[in-house]
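Residues in the sequence shown are numbered from 1 upward in steps of one, following UniProt numbering. Note that CB positions come from ideal geometry on N, CA and C, so glycine has one too. As the structure is a computational prediction, the values presented were derived from the model and not from experiment. Let me begin by presenting the structure, written as structure tokens, before commenting on it.
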Amino acid sequence: MVTAAQKAAIKDSWAGVDLQVAGNAFYNQLQANAPDAYAVFNLGSDSGKIAAQGLKVMTFIDGIVKGLDDMDGVKASIDTLGGRHTSYGAKKVHFGPAGPCLLAALAEVCGGKFTPAAKDGWTALYGLISDGICAHLS
Ligand code: HEM
């Protein structure tokens, strides 16, 4: 459940964020703090691959943020994404460690706009994404 106040805080913090910069920050966090999850992506230290994968994840998140006023649509697109993750080698166990990495990356790229309310909103949104993907995984 993402409340109206949380949605507003998420949108405020996300405005103007560079998707590529955010993607790089997320994969840097994963590499440093969630190595088991990072390994599943098979990126090694190839900066071109890291950038491409980071952009894919953040483009998806950008679509979710833009769709927050249509939660049925948001849940449907997370569900479809979750179905695709079954063929990627991702496991439920990877999603716990990935959450703090996403929040840390957002703290970096949103700067002063990453207020306590924004953190609260993003925590709820990550929960929704994670639960929706993990429903497909073992
Ligand atoms: C915020 C959470 C996540 C989001 C939004 C997300 C989103 C995406 C997107 C958009 C893609 C591109 C391909 C596609 O659209 O199907 C992708 C690929 C992938 N994801 Fe995720 N993902 C998340 C978390 C994870 C986690 C925790 C793992 C497991 C460690 C994982 C493993 C993978 C793998 C292995 C690929 C394929 C990469 C390749 O092309 O080789 N994802 N993800």
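Leu102 has its CB nearer than 7 Å to a heavy atom of ligand 1. In this structure, Val2 sits near Ala124, with a CB-CB distance shorter than 8 Å. Within the UniProt domain "Globin" (1 to 138), the complete alpha helix (DSSP H) runs of at least 4 residues fall at 4 to 14, 19 to 33, 35 to 40, 47 to 66, 71 to 85, 95 to 110, 116 to 134. For Val40, the shortest C-beta to heavy atom distance toward ligand 1 is below 7 Å.
Excluding residues up to 5 positions away in sequence, Gly73, Val74 lie with their Cβ nearer than 6 Å to the Cβ of Gly67 in the same chain. Proximity of the stretch 106 to 120 to the stretch 76 to 90 falls short of the contact definition, fewer than three beta-carbon pairs being nearer than 8 Å.
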